[in-house]
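Numbering (mature numbering (1 follows the signal peptide of the UniProt record, and there is no 0)), first residue to last: -26 to -1, 1 to 539.
Backbone N, C-alpha and C define an ideal beta-carbon position, used for all residues, glycine too.
Quick notes on the structure that follows.
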Amino acid sequence: MGRRIGPLLVLCASLLAATASPPAAASPRTAPATATGAGTPTATGTRTGADEAATARSPRPLDRVIPAPASVRERGRPYAITPRTVIRVHGGPDHHRHGQRRGARKDVRQVADHLAELLRPATGYRLPVTTRAGRDGIQLRLGGHRRLGPEGYRLDVTARAVRLTAREPAGLFHGIQTLRQLLPAAVEAPDKQPGPWRITGGTITDTPRYAYRGAMLDVSRHFFPVPAVKRYIDQLALYKINTLHLHLSDDQGWRIAIDSWPRLAGYGGGTEVGGGPGGHYTKADYREIVRYAAARHLTVVPEIDMPGHTNAALASYAELNCDGVAPPRYTGTEVGFSSLCVPLERTYDFVDDVLRELAALTPGPYLHIGGDEAHSTSHKDYVTFMRRVQPLVAKYGKKAIGWHQITAAPARGTVAQYWGYDRTGPQERAQVAEAARRGTKLVLSPADRAYLDMKYDKDTPLGLSWAGYVPTRRAYDWDPGRYLEGVPERAVLGVEAPLWSETIATSDQLEYLAFPRLPGVAEVGWSPAATHDWDGYRERLAQQAPRWELMGVNYHRSPQVPWPR
Ligand code: TNX
């Protein structure tokens, strides 16, 4: 008998927008293993061994995934991955649809290879990827209903086969992240595990609520080398994040090579907060990050923060300063003291060169031009600067994103990233809302919800607290569609979780702040509002921990989550 779980099939984001309901109903079902009695999760969340054994025996319910799928229907018998399982990619000429992007077949193959590489170490199976037709195995194909959109997918699980269908390769990629989370956590192990590798029978139909689901990494305050960025990209992909915003310049360091202004990286990149050696990406490094991200269906948004947060540039070139004198490099953590020289013509040669070279490195649609905390720039100069710089972004074929202060002078098509918090003043909020009503799209990164660099509570060792503490529940428990008064849901392009790096310098530290909050922001960005339910979410979150442990992800054991022992 088919069982329906979750909200009615929610496939259309705009329909959802119109009907967005408060957190309610439709919570993922409670697993039998967590019912009542001695095994009930306590406040600090301990479970009995019997619970865990029961969970291990039965395949995971189809809705036990982060982000919560839009629609889940369990039916029929489970599928088991065995030594004979093959991964079939469909997409021969007969599957060629009108207008399909050239290279889509190659992309499907890439997703299939990615899945095989994920599954081979722990299963120990060969899992060959084949284009040969057949009715068994794990099947990946492009097609399906138009309403799946550019990132949605449908997953059909029967005893005979797992069929994954999507309109675009990105949807297949998100689908395999779901598949991965439906398998036991042991699938993340680097060596052979006993299994069994079963997946509950039924159908998941899933599309994102928002098109933009980002994470930002500040590589300026502390430099993170390419392998650290790749590691984070892999963690983001597991939660269907599709955008990596890199904060490439700030007072403390310029992190991207610009050929026409070589001292930016060569000198301006040579330090960081605390006075360490800093570093920068060569263009080859940066292209490698972009390629690695693209293979995981993430788009990179590079940010050059202007006109404030520019001490590293001003220190590198005396000619950029109004008084012609270069300041020393800066390794502290103050903000708001630097500004490009707005009346100086040379400033715009500089900006033009930087944006041109950056655009050439950027396959994605956006260049982020910062615009926050320009406390040393007069309002008049700020507006003058932004009115000159936004057309330069357009000149190089890109769209501008700016921190929400850019709503003082938004050009048509510019996206504003809201980073206010509960103490952001009414005037500032009103300026953002007004711009949104006039067509400026918003990415929401409320600092008291989505800022991964805020401390969890007073006792956690890393992070800042200017926007208050952000415990795990707070990062999850908000609705982007209703967050800002006077902002229509259609103005919301999506959400982003920024991670500023004043207090972190290693992957371990980064992960401690990102986990377990990042999955909460990811779910708020992907899942329909109707699935929103803290009690169900914290159970699903707890089940991620064994996975993180096998992946070597360092996470904060938040007391709000019933972690398994
Ligand atoms: C504010 S948020 C900043 C950053 C800091 C961050 C620390 C924003 C647009 N600017 O310069 O690193 O706070 O939380």
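The three-state secondary structure of residue 275, taken from DSSP, is strand. Residue side-chain check: residue 233 keeps its Cβ at 7 angstroms or more from all non-hydrogen atoms of the ligand TNX. DSSP, reduced to helix, strand and coil, places residue 373 within a strand of the structure shown. Nearest Cα to residue 160 within the set 128, 152 and 169: 169. Assignment of residue 106 by DSSP, reduced to helix, strand and coil, places it in the coil class. Taken from the Cβ of residue 474, at least one heavy atom of the ligand TNX lies inside 7 angstroms. When secondary structure is reduced to three states using DSSP, residue 391 falls in the strand class.
At least 8 angstroms separates the beta-carbon of residue 422 from that of residue 404. The DSSP-derived three-state label of residue 320 is helix.
Under the DSSP assignment, residue 139 falls in the beta strand (DSSP E) whose first and last residues are 135 to 140. In terms of side-chain proximity, the C-beta atom of residue 283 is found nearer than 7 angstroms to a non-hydrogen atom of the ligand TNX.
At least one heavy atom of the ligand TNX lies closer than 7 angstroms to the C-beta of residue 438. Considering only 395, 176 and 446, the residue with the shortest C-alpha distance to residue 486 is 446.
Checking the DSSP bridge columns, you'll see residue 179 partnered with 45 and 128. Proximity of the beta carbon of residue 395 to the ligand TNX is not indicated: no heavy atom of the ligand is located closer than 7 angstroms. In the displayed model, residue 282 falls within coil according to three-state DSSP, outside both helix and strand. When the Cα atoms are used, residue 493 and residue 413 turn out to be separated by approximately 29 angstroms. If only complete runs of 3 or more residues are kept, the segment 442 to 484 shows the beta strand (DSSP E) at 466 to 473, in order along the chain.
For residue 532, the number of other beta carbons within 10 angstroms of its own is at least 16, and it is reported as buried.
Contact between residue 150 and residue 33 is absent: CB atoms are separated by about 17 angstroms, not below the 8 angstroms threshold. Annotation for residue 361: 383 place their beta carbon closer than 7 angstroms to its own, counting only its chain and skipping 5 residues before and after. In the same chain as residue 353, and ignoring 5 residues on each side of it, the C-beta atoms closer than 8 angstroms to its own belong to 382, in chain order. In the three-state DSSP reduction, residue 92 falls in the helix class (H, G or I). Taking residue 331 as the centre and dropping the five residues before and after it, the same chain places the C-beta of 232 closer than 6 angstroms to its C-beta, in chain order. Within the model, the alpha-carbon separation for residue 191 versus residue 51 is close to 43 angstroms. Assigned with DSSP and collapsed to three states, residue 257 falls in helix. Sequence-distant partners of residue 315 (beyond 5 residues in either direction) whose C-beta falls short of 7 angstroms from its own C-beta, in its chain, are 294, 295, 296 and 321. By the 16-neighbour rule on beta-carbons within 10 angstroms, residue 290 is buried. Not a single heavy atom of the ligand TNX lies less than 7 angstroms from the C-beta of residue 228. Taken through DSSP and simplified to helix, strand or coil, residue 537 comes out as coil. The ligand TNX never approaches residue 495 closely enough for any of its heavy atoms to be under 7 angstroms from the residue's Cβ.
Secondary structure of residue 194 (DSSP, three-state): coil. Taking 7 angstroms as the cut-off, the C-beta of residue 452 does not count as close to any heavy atom of the ligand TNX. The segment 449 to 456 makes no contact with the segment 393 to 408: fewer than 3 CB pairs, one atom from each, lie closer than 8 angstroms.
Here the C-alpha atom of residue 158 lies approximately 20 angstroms from the C-alpha atom of residue 47. At a cut-off of 7 angstroms, the beta-carbon of residue 346 counts as near the ligand TNX: some heavy atom of the ligand is closer than that.
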